[in-house]
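Residue numbers (our numbering): 37 to 471.
Cβ atoms here follow ideal geometry from the backbone N, Cα and C, with glycine treated the same way.
One structure is given here, and the rest of the page talks about it.
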């Protein structure tokens with residue numbers, strides 16, 4: 037009797053069930069709740085896109101495009117690709133659907149599968165899932181810090197608390213060429229000691245040499261030029277302000293002058309969340325991202341400053357299982373989704389108030405009270421106008437004087453009455469008024 041054929045899932049494309057599925061859903065639900073708190077709107081983009089979108093957006097000389105994509109021609113001779121990452125798809129949707137005319141910043145998030153045809157390994161499958169957050173139309177470094185704060189909150193809510201953020205600036209089109217010449221000169225003198233991939237990268241994409249995980253390339257990297265020494269004034273100031281913001285938030289970070297990330301569109305800020313004890317592992321980042329100020333224009337839109345990042349679901353699942361993390365989150369237990377209309381709007385005026393704003397937002401998140409803001413704006417009138425449009429009950433006004441005095445103004449939007457309260461009493465006062 038002929039033996040019945042049995043079928044297996046394709047290599048690197050796993051079924052998700054049992055404990056893994058339970059954690060998977062927890063990651064998705066917490067990501068959605070945190071997205072709602074920070075007023076990100078969900079978007080779902082197609083799994084299949086035009087191949088050229090990623091060649092142009094991600095970069096033809098990246099490992100993803102050269103070695104790792106599922107790309108093919110359809111019966112209609114269209115060249116298509118299974119999306120290997122989210123950002124170019126979201127930028128394409130932003131342009132195509134007329135979001136460029138929306139008030140800035142435009143904050144979008146998504147959760148779903150991605151595909152890379154690479155050798156499967158722990159925490160890195162051929163079909164894998166990510167949560168992704170993008171902020172479009174923002175030049176201020178506070179949004180870089182806000183994303184770090186947002187991702188920190190996702191990890192903390194999941195019980196993943198032992199990590200640090202590696203941060204760096206990789207400059208811009210103005211200052212990076214000088215650094216690349218120095219970098220290429222240094223590595224050319226040691227080309228015989230490089231791995232085969234880095235010999236090719238040195239010609240096509242020298243910055244990517246710094247991202248190599250081969251031991252012999254790591255040794256050479258230790259003495260290579262550092263991009264932080266070549267930043268122009270604008271990039272230097274942006275990075276300095278960004279660090280001041282995350283200092284204010286007391287988020288653990290390390291400046292890693294060799295962090296570059298693997299995508300061509302990044303400039304200025306880049307970051308990765310590395311779990312404790314895995315600093316030297318080759319596939320170690322739980323979350324990564326950075327600023328991309330030219331991508332929207334590159335893909336046919338207007339010049340739009342932007343920053344974004346994504347978390348690897350499979351890697352976070354592995355981290356939770358390895359560390360036997362079983363923290364209960366009231367976001368899950370009490371089904372908090374922060375989807376209600378905010379009743380409070382935060383107005384900030386000046387750099388000191390911007391810094392203090394991030395901590396105030398965090399206090400509201402811990403108290404499970406949704407708050408809205410526009411940290412990109414600096415003008416009192418425009419922010420109060422936004423608060424009126426949102427029909428909030430109370431507006432908080434925080435300026436330089438209030439920061440110095442550790443006070444904040446609570447403005448009743450119905451009758452215009454304002455009251456000054458100590459900042460340490462703010463949550464209690466708001467809870468009392470919202471009852």
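Under a three-way DSSP split, which group does residue i fall into?
i	result
residue 146	strand
residue 121	coil
residue 380	strand
residue 83	coil
residue 139	coil
residue 172	strand
residue 76	coil
residue 324	strand
residue 261	coil
residue 249	coil
residue 160	strand
residue 213	helix
residue 311	strand
residue 273	helix
residue 114	coil
residue 67	helix
residue 302	coil
residue 106	strand
residue 290	strand
residue 53	coil
residue 408	strand
residue 200	strand
residue 132	helix
residue 44	coil
residue 205	strand
Considering Cα atoms alone, identify which of the options is closest to residue i.
i	options	result
residue 327	176, 220 and 248	176
residue 80	48, 353, 169 and 201	169
residue 444	396, 42 and 108	396
residue 146	212, 77, 111 and 115	77
residue 220	66, 456 and 244	244
residue 409	217, 428 and 90	428
residue 325	338, 348 and 314	348
residue 351	446, 163, 137 and 94	163
residue 198	309, 89 and 216	309
residue 293	312, 186, 201 and 124	201
residue 340	307, 275, 301 and 247	301
residue 231	251, 303 and 331	251
residue 85	56, 123, 48 and 69	123
residue 465	432, 306 and 451	432
residue 401	380, 411 and 417	380
residue 90	151, 313 and 214	151
residue 363	213, 46 and 63	63
Sorted by chain position, which residues of the same chain lie with C-beta nearer than 7 Å to residue i's C-beta, five sequence neighbours on each side aside?
i	result
residue 386	435 and 436
residue 129	79 and 81
residue 69	367, 372, 373 and 374
residue 153	104, 105, 106 and 162
Leaving out five residues before and five after residue i in sequence, what residues of the same chain have Cβ atoms less than 8 Å from its Cβ?
i	result
residue 376	406
residue 102	96
residue 107	87, 115, 116, 117 and 118
residue 196	311, 322, 352, 355, 356, 359 and 361
residue 290	200, 201, 202 and 203
residue 345	168, 169, 183, 187, 307, 323, 324, 325 and 326
residue 453	447
Taking just the CA atoms, how far does residue j sit from residue i?
i	j	result
residue 361	residue 115	44 Å
residue 333	residue 137	14 Å
residue 470	residue 447	13 Å
residue 256	residue 238	13 Å
residue 275	residue 458	32 Å
residue 34	residue 463	Since the displayed the chain opens at 37 and closes at 471, residue 34 lies outside it and no answer follows.
residue 413	residue 140	9 Å
residue 193	residue 59	12 Å
residue 217	residue 421	49 Å
residue 94	residue 392	35 Å
residue 224	residue 206	21 Å
residue 259	residue 229	14 Å
residue 287	residue 313	18 Å
residue 285	residue 404	18 Å
residue 390	residue 222	41 Å
residue 456	residue 388	18 Å
residue 298	residue 338	24 Å
residue 415	residue 467	27 Å
residue 160	residue 214	35 Å
Apart from the five residues just before and just after residue i, which ones in its own chain have a Cβ nearer than 6 Å to its Cβ?
i	result
residue 71	145
residue 109	115
residue 167	67, 147 and 347
residue 234	245, 248 and 253
Can you check whether the C-beta of residue i is within less than 8 Å of a C-beta belonging to chain B?
i	result
residue 202	The structure shown contains no chain B; it holds only a single protein chain.
**Request:** Pick out the complete beta strand (DSSP E) segments inside the region 427 to 466, 3 residues or longer, and give them in chain order.
**Result:** 430 to 434, 443 to 448 and 454 to 458
**Prompt:** Residue ranges of each beta strand (DSSP E) run of no fewer than 3 residues wholly in the region 328 to 388, ordered along the chain?
**Reply:** Listed in chain order, the complete beta strand (DSSP E) runs (minimum 3 residues) inside the region 328 to 388 are 342 to 348 and 380 to 384.
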